[in-house]
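Right, one structure below, let's go through it.
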Amino acid sequence: MVAVDSSVTARSRRVLDVPLLVAQAGGDQPALRARAVARLISLVEDASPALREVMALLAPCAGQARVIGLTGSPGVGKSTSTNVLVAAYRRQGKRVGVLAIDPSSPFSGGALLGDRVRMQDHATDDGVFIRSMASRGHLGGLSWATPQAVRVLSAAGCDVVLVETVGVGQAEVDVAALADTTLVLLAPGMGDGIQAAKAGILEVADVFVVNKADREGADTVVRDLRHMLSLGDRRTDGGWRVPIVKTVAAKGEGADEVLAEIERHGDWLAGTGRLELRRRKRAADEVEAIALTVLRGRIGDLRDNDALAGLAARVVAGELDPYAAADELVRAVTMKVRP
Ligand SMILES: Nc1nc2c(ncn2[C@@H]2O[C@H](COP(=O)(O)OP(=O)(O)OP(=O)(O)O)[C@@H](O)[C@H]2O)c(=O)[nH]1
Ligand SMILES: [Mg+2]
85 MVAVDSSVTA
95 RSRRVLDVPL
105 LVAQAGGDQP
115 ALRARAVARL
125 ISLVEDASPA
135 LREVMALLAP
145 CAGQARVIGL
155 TGSPGVGKST
165 STNVLVAAYR
175 RQGKRVGVLA
185 IDPSSPFSGG
195 ALLGDRVRMQ
205 DHATDDGVFI
215 RSMASRGHLG
225 GLSWATPQAV
235 RVLSAAGCDV
245 VLVETVGVGQ
255 AEVDVAALAD
265 TTLVLLAPGM
275 GDGIQAAKAG
285 ILEVADVFVV
295 NKADREGADT
305 VVRDLRHMLS
315 LGDRRTDGGW
325 RVPIVKTVAA
335 KGEGADEVLA
345 EIERHGDWLA
355 GTGRLELRRR
365 KRAADEVEAI
375 ALTVLRGRIG
385 DLRDNDALAG
395 LAARVVAGEL
405 DPYAAADELV
415 RAVTMKVRP
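Residue 85 is where the sequence shown starts when you use my numbering, and the numbers rise one by one after that.
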């Protein structure tokens, strides 16, 4: 089927052959595969109407890739660590996807340019897909765009998807909800110990990585973290004791240990049934975000065709109370009938 995308951007104004793109993304021709993956993730980024068809075709690929979140303050070493982890997974022969997500700005900013430079080690490796993504088109933001992009990368045969997000405010909590395993990065000299407590980072971390261990103060960060962990009840939560790993990402030191902890956490998740639970919770968030967007759209339609205005007039005239009017609106929206 050939669908024409009505999105305003030039790149998606071209005629789309969705089944062909999906087939190419899962195919064995590296150049076509890379291009198809890029194209499909652009559709995700733009919240294209073609996504309905894309996601229907990708449904069987869901849940194949291990999703690993990396979060932490700006400059803590997320991209450098991602780069090191990609290399380690490649040595294991795994295909890897990287999503660098900027949740705070609606457009890809300068920082992502830096990421591209840092990740250019892998630029010519056809077993690695690297993509910066802004969630500008999505009302559901990260909770929606990321699982869709992960599905695209799964279809392209990725065993692992690394999701890098800057930990600002709510973002690290969001990334934790999206990942199977969340790494929270800290570094000495950034006041991170105190920040961690403030931002609720303790609750979201499955593994703490204290990066820049070549700098003074790394042991203090580890000690502070250990102290904070001992105060919380997280240690007893189902038996997962959050490990703390020291790394020097700039020199690739500590990567094997991080990998081992990710592996161990994965085994624990699978063994306790929590992997399935996390993924169901994630799917529920995604479905809810899509449903709310559909409903919001339909309520908007009713606004446009004066149906809502009619209900409002009856409320003002005392013919209807606002609850009854809202019930009528909900009925109209879900049954697609005119109130
Ligand atoms: N000394 C030292 N510097 C490091 C280490 N790891 C990363 N850096 C440096 O720290 C700076 C920031 O690293 P990035 O990997 O870009 O950090 P980031 O967390 O991705 O940054 P944003 O994406 O901007 O939030 C770079 O100049 C790195 O070279 C390390 O282990 N030791
Ligand atoms: Mg970065």
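Beta carbons: idealized from backbone N, C-alpha and C, even for Gly.
Using 10 angstroms around the beta-carbon of residue i, count the other beta-carbons present and answer buried if the total reaches 16, otherwise exposed.
{"i": "N389", "result": "exposed"}
{"i": "L237", "result": "buried"}
{"i": "M217", "result": "buried"}
{"i": "K296", "result": "buried"}
{"i": "V414", "result": "exposed"}
{"i": "R95", "result": "Because R95 sits at a pLDDT of 49, beneath the cut-off of 50, its placement in the model cannot be relied upon, and the point is left open."}
{"i": "L196", "result": "Confidence is the limiting factor: at L196 the pLDDT is only 46, short of 50, which leaves the residue's position unreliable and the question unanswerable from this model."}
{"i": "R117", "result": "buried"}
{"i": "Q113", "result": "exposed"}
{"i": "L127", "result": "buried"}
{"i": "Q176", "result": "exposed"}
{"i": "G194", "result": "Its pLDDT being 39, under 50, G194 is placed unreliably by the model, and nothing is read from it."}
{"i": "D130", "result": "buried"}
{"i": "P406", "result": "exposed"}
{"i": "S157", "result": "buried"}
{"i": "D89", "result": "Unreliable positioning characterises D89 in this predicted model, as indicated by a pLDDT of 43, which lies under 50. A coordinate reading is not provided."}
{"i": "T304", "result": "exposed"}
{"i": "G161", "result": "buried"}
{"i": "S314", "result": "exposed"}
{"i": "V400", "result": "exposed"}
{"i": "G153", "result": "buried"}
{"i": "L395", "result": "buried"}
{"i": "T230", "result": "buried"}
{"i": "L361", "result": "exposed"}
{"i": "H349", "result": "buried"}
{"i": "E345", "result": "buried"}
{"i": "E412", "result": "buried"}
Check the C-beta distance from residue i over to residue j and give it rounded, since I have them as a contact under 8 Å.
{"i": "A290", "j": "V151", "result": "The amino acid occupying residue 290 in the given sequence is Asp; Ala does not appear at that position. So it is not a contact: roughly 12 Å between Cβ atoms."}
{"i": "A149", "j": "V234", "result": "6 Å"}
{"i": "G181", "j": "V245", "result": "4 Å"}
{"i": "T331", "j": "V293", "result": "6 Å"}
{"i": "T164", "j": "E248", "result": "Between E248 and T164 the Cβ distance is about 10 Å, and since that is not below 8 Å, they are no contact."}
{"i": "A416", "j": "L386", "result": "6 Å"}
{"i": "W228", "j": "E403", "result": "Not quite, the Cβ-Cβ distance comes to about 39 Å (not below 8 Å), so this is no contact."}
{"i": "T266", "j": "T356", "result": "In fact, because the Cβ distance is near 16 Å, the residues do not count as touching under 8 Å."}
{"i": "A134", "j": "V106", "result": "Contact doesn't hold; Cβ gap of about 11 Å is too wide."}
{"i": "L142", "j": "A239", "result": "5 Å"}
{"i": "G159", "j": "R179", "result": "Not quite, the Cβ-Cβ distance comes to about 29 Å (not below 8 Å), so this is no contact."}
{"i": "R299", "j": "P272", "result": "5 Å"}
{"i": "G241", "j": "G110", "result": "7 Å"}
{"i": "F213", "j": "V121", "result": "5 Å"}
{"i": "A409", "j": "R398", "result": "7 Å"}
Would you mind reading off the limits of the beta strand (DSSP E) that contains residue i?
{"i": "R179", "result": "Element bounds for R179: n/a, residue is neither H nor E."}
{"i": "G350", "result": "It is not in any beta strand (DSSP E) - G350 instead sits in the alpha helix (DSSP H) that spans A339 to G355."}
Determine which residues share a DSSP beta bridge with residue i and list them.
{"i": "I214", "result": "V182"}
{"i": "K330", "result": "V294"}
{"i": "E137", "result": "Answer is none; E137 lacks a bridge partner."}
{"i": "G153", "result": "V247 and T266"}
Starting from residue i, trace the alpha helix (DSSP H) both ways and give me its first and last residue.
{"i": "V160", "result": "Segment: none, V160 is in no alpha helix (DSSP H) and carries neither H nor E."}
{"i": "R380", "result": "R358 to D388"}
{"i": "Q108", "result": "V102 to A109"}
{"i": "G394", "result": "A391 to V400"}
{"i": "M312", "result": "A302 to L315"}
{"i": "T418", "result": "P406 to M419"}
{"i": "A120", "result": "P114 to E129"}
{"i": "E287", "result": "I285 to V288"}
Just to check, is the beta-carbon of residue i closer than 6 Å to a non-hydrogen atom of ligand 4?
{"i": "V170", "result": "Of the ligands this structure carries, namely ligand 1 and ligand 2, none is ligand 4."}
I'd like to know if the stretch 335–348 and the stretch 160–174 are in contact, where contact means that at least 3 CB-CB pairs between them fall below 8 Å. yes
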